[in-house]
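Participant: The structure is given below, and queries will be raised subsequently.
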Amino acid sequence: MSASTLITVATTGAESTKQDVPALPTTLEELVETAQRCEAAGAALIHVHVRDADHRPSLDVARLRDTVAALREATDLVVQLSTGGAVTDSFEARLAVLDAEPDSCSLTCGTTNFGDDVFLNPYPFMRDLYLKARERRVVPEFELFDLGHVHALGRLLRECGLPHGGAVHCDVVLGVPGAAPATPESLLACVAALPPEVTSWSATGVGRGHLPIMATALAAGGHLRVGMEDNLLLARGVPVEHNAQLVERAARLAELMQRPAMSTSQARELLHLG
Ligand code: KMH
Ligand code: ZN
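Under this note's numbering, the first residue of the sequence shown carries the number 314, and numbering increases by one thereafter.
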């Protein structure tokens with residue numbers, strides 16, 4: 314079991330609107346300020362979705378490049394761009410995210426119902442994204458929303474070999490409406506089925522399941538992802554005002570479990586980033 318805990322912060326996502334959630338960091342200035350406070354609170358990796366001037370989700374490559382550069386300038390966080398984007402984004406636009414040259418990218422291992430929508434990730438797209446990430450020397454983080462995604466990850470690794478750097482890090486995302494629920498049982502079933510190539514894993518609970526998922530992940534040797542992409546309430550009726558609150562709580566729990574938050578350099582070692 315890793316002696317320390319990688320804390321990833323997923324600050325923004327593509328689903329909540331600025332109008333509904335004014336505290337959501339949607340401008341570059343807000344994102345950089347958020348990243349700095351989250352790094353100080355114990356985060357080592359930032360999962361990024363960018364927004365356009367109207368606060369709408371965007372996969373514009375110039376905007377993504379500027380964001381990567383600004384985050385590198387202002388923090389030492391590992392910068393991960395979402396290739397999931399929004400459910401309306403094309404495969405082409407999602408593949409082009411890699412042209413912004415992040416350290417890491419998300420790679421979801423299967424199609425899933427996503428509320429009333431469908432988040433499309435057919436196997437040939439997963440493979441194209443995986444091969445392009447390796448060619449661009451970007452380290453993928455495999456997003457697993459369901460037990461079937463865990464098996465699809467195994468197929469990808471068997472058929473295509475290891476990713477750039479050789480580390481295989483995945484994030485079990487539970488509680489998406491339409492996918493596996495955010496329960497300790499789901500998390501442990503997914504973890505038990507992880508392919509042998511996996512070198513580390515984290516877990517995310519969407520919505521109110523985030524606390525039991527965090528506690529289970531820490532107890533089972535996993536790492537943590539928190540943030541306003543996944544959860545907008547600190548407790549019933551108490552909105553999150555800043556992503557750093559969620560990171561601070563995760564870091565406190567990790568410390569109590571005697572697996573304190575890892576530094577950004579430890580995160581780079583874990584993920585085999587140069
Ligand atoms: N916004 C979701 C459709 C990812 O970042 O890779 C996809 C998502 C996963 O958030
Ligand atoms: Zn995301």
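Using N, Cα and C, we set each Cβ at its ideal position, and we do this for glycine too.
No experiment lies behind these values; they were computed from the predicted model shown.
Is DSSP giving residue 523 helix, strand or coil here?
Facilitator: In the sequence shown, the residue the question calls residue 523 occupies position 210. Reduced to three states, the DSSP call for residue 523 is helix.
Participant: Report the start-end ranges of each beta strand (DSSP E) in the stretch 533 to 584 that is 3 residues or longer and not cut off at the edges.
Facilitator: Entirely contained in the stretch 533 to 584, the beta strand (DSSP E) runs reaching 3 residues are, in chain order, 536 to 539 and 546 to 548.
Participant: What number of angstroms, rounded off, separates the C-alpha of residue 372 from the C-alpha of residue 388?
Facilitator: Residue 372 sits at position 59 when you count from the first residue of the sequence shown. Residue 388 sits at position 75 when you count from the first residue of the sequence shown. Approximately 22 Å, taken between the alpha carbons.
Participant: Taking contact to mean at least 3 C-beta pairs separated by less than 8 Å, is the stretch 417 to 429 in contact with the stretch 448 to 458?
Facilitator: Flag = yes, the stretch 417 to 429 and the stretch 448 to 458 touch.
Participant: Tell me whether the beta-carbon of residue 393 lies closer than 7 Å to the beta-carbon of residue 344.
Facilitator: Sequence index remark: in the sequence shown, residue 393 carries index 80 (1-based). Sequence index remark: in the sequence shown, residue 344 carries index 31 (1-based). Their beta carbons are not under 7 Å apart, which means residue 393 does not touch residue 344 by this criterion.
Participant: Tell whether a beta-carbon distance below 7 Å holds between residue 560 and residue 355.
Facilitator: Residue 560 sits at position 247 when you count from the first residue of the sequence shown. Residue 355 sits at position 42 when you count from the first residue of the sequence shown. Yes. Within cutoff.
Participant: If we define contact as Cβ-Cβ less than 7 Å, is residue 367 a contact residue for chain C?
Facilitator: Going by chain labels, chain C is absent from the structure shown, which holds only one protein chain.
Participant: Could you check the C-alpha separation between residue 558 and residue 507 for me, to the nearest Å?
Facilitator: Numbered from 1 along the sequence shown, position 245 holds the residue referred to as residue 558. Numbered from 1 along the sequence shown, position 194 holds the residue referred to as residue 507. Cα-Cα distance, rounded: 31 Å.
Participant: Ends of the alpha helix (DSSP H) at residue 497?
Facilitator: The sequence position of residue 497 within the sequence shown is 184, counting from 1. Where residue 497 is concerned, the enclosing alpha helix (DSSP H) stretches over 497 to 505.
Participant: For the alpha helix (DSSP H) containing residue 437, name the first residue and the last one.
Facilitator: The sequence position of residue 437 within the sequence shown is 124, counting from 1. Run containing residue 437: 436 to 448, per the alpha helix (DSSP H) assignment.
Participant: Can you tell me whether residue 364 is helix, strand or coil according to DSSP?
Facilitator: The sequence position of residue 364 within the sequence shown is 51, counting from 1. Residue state, collapsed to three classes: strand.
Participant: If we call anything under 7 Å between Cβ atoms a contact, is residue 476 one with residue 447?
Facilitator: As a working note, residue 476 is residue 163 in the sequence shown. As a working note, residue 447 is residue 134 in the sequence shown. Yes, the pair counts as a contact, with Cβ atoms nearer than the cut-off.
Participant: Check for me: the beta strand (DSSP E) holding residue 455 runs from which residue to which?
Facilitator: Working through the sequence shown from its first residue, we reach residue 455 at position 142. Residue 455 -> beta strand (DSSP E) spans 452 to 457.
Participant: Does the structure place the stretch 544 to 555 close enough to the stretch 362 to 372 that three or more beta carbon pairs sit under 8 Å?
Facilitator: Taking 8 Å as the limit for Cβ pairs, the verdict is that the stretch 544 to 555 does not touch the stretch 362 to 372.
Participant: Below 8 Å on the Cβ atoms is my contact criterion, and I expect residue 443 with residue 465 to pass it. Report the Cβ-Cβ distance as a whole number of Å.
Facilitator: Numbered from its first residue, the sequence shown carries residue 443 at position 130. Numbered from its first residue, the sequence shown carries residue 465 at position 152. No, residue 443 and residue 465 are not in contact; Cβ-Cβ is about 11 Å, not under 8 Å.
Participant: Determine the direct distance from the alpha carbon of residue 379 to that of residue 425, and round the result to whole angstroms.
Facilitator: Residue mapping note: residue 425 aligns to position 112 of the sequence shown, counting from 1. Residue mapping note: residue 379 aligns to position 66 of the sequence shown, counting from 1. So the alpha carbons of these two residues sit roughly 31 Å apart.
Participant: According to DSSP, simplified to helix, strand and coil, what is residue 482?
Facilitator: The residue you call residue 482 lines up with position 169 of the sequence shown. Strand.
Participant: Is residue 518 near ligand 1, in the sense that its beta carbon is under 6 Å from a heavy atom of that ligand?
Facilitator: To locate residue 518, count along the sequence shown from 1; it is residue 205. No, ligand 1 has no heavy atom inside 6 Å of this Cβ.
Participant: What do you get for residue 515, buried or exposed, if any count of 16 or more other CB atoms within 10 angstroms of its CB means buried?
Facilitator: Locating residue 515 in the sequence shown gives position 202, where the first residue counts as 1. It counts as buried.
Participant: Could you give the first and the last residue of the continuous alpha helix (DSSP H) run that contains residue 460?
Facilitator: Here residue 460 is taken as the residue at index 147 of the sequence shown, counted from 1. 460 to 473 is the span of the alpha helix (DSSP H), which, as asked, contains residue 460.
Participant: So, is residue 564 buried or exposed, given that buried needs 16 or more other C-beta atoms within 10 angstroms?
Facilitator: Here residue 564 refers to the residue found at position 251 when the sequence shown is read from its first residue. It counts as buried.
Participant: Per DSSP, residue 351 is paired with what?
Facilitator: Your numbering for residue 351 matches position 38 in the sequence shown. In the DSSP output, where bridge partners are listed per residue, residue 351 has none listed.
Participant: Sorted by chain position, which residues of the same chain lie with C-beta nearer than 8 Å to residue 398's C-beta, five sequence neighbours on each side aside?
Facilitator: What you label residue 398 is simply residue 85 of the sequence shown in a count that begins at 1. Excluding positions up to five away in sequence, the list reads 327, 362, 370, 372, 406, 407 and 410.
Participant: How should residue 521 be labelled, buried or exposed, when 16 other C-beta atoms within 10 angstroms of its C-beta is the threshold for buried?
Facilitator: Counting from 1 along the sequence shown, the entry for residue 521 is found at position 208. That one is exposed.
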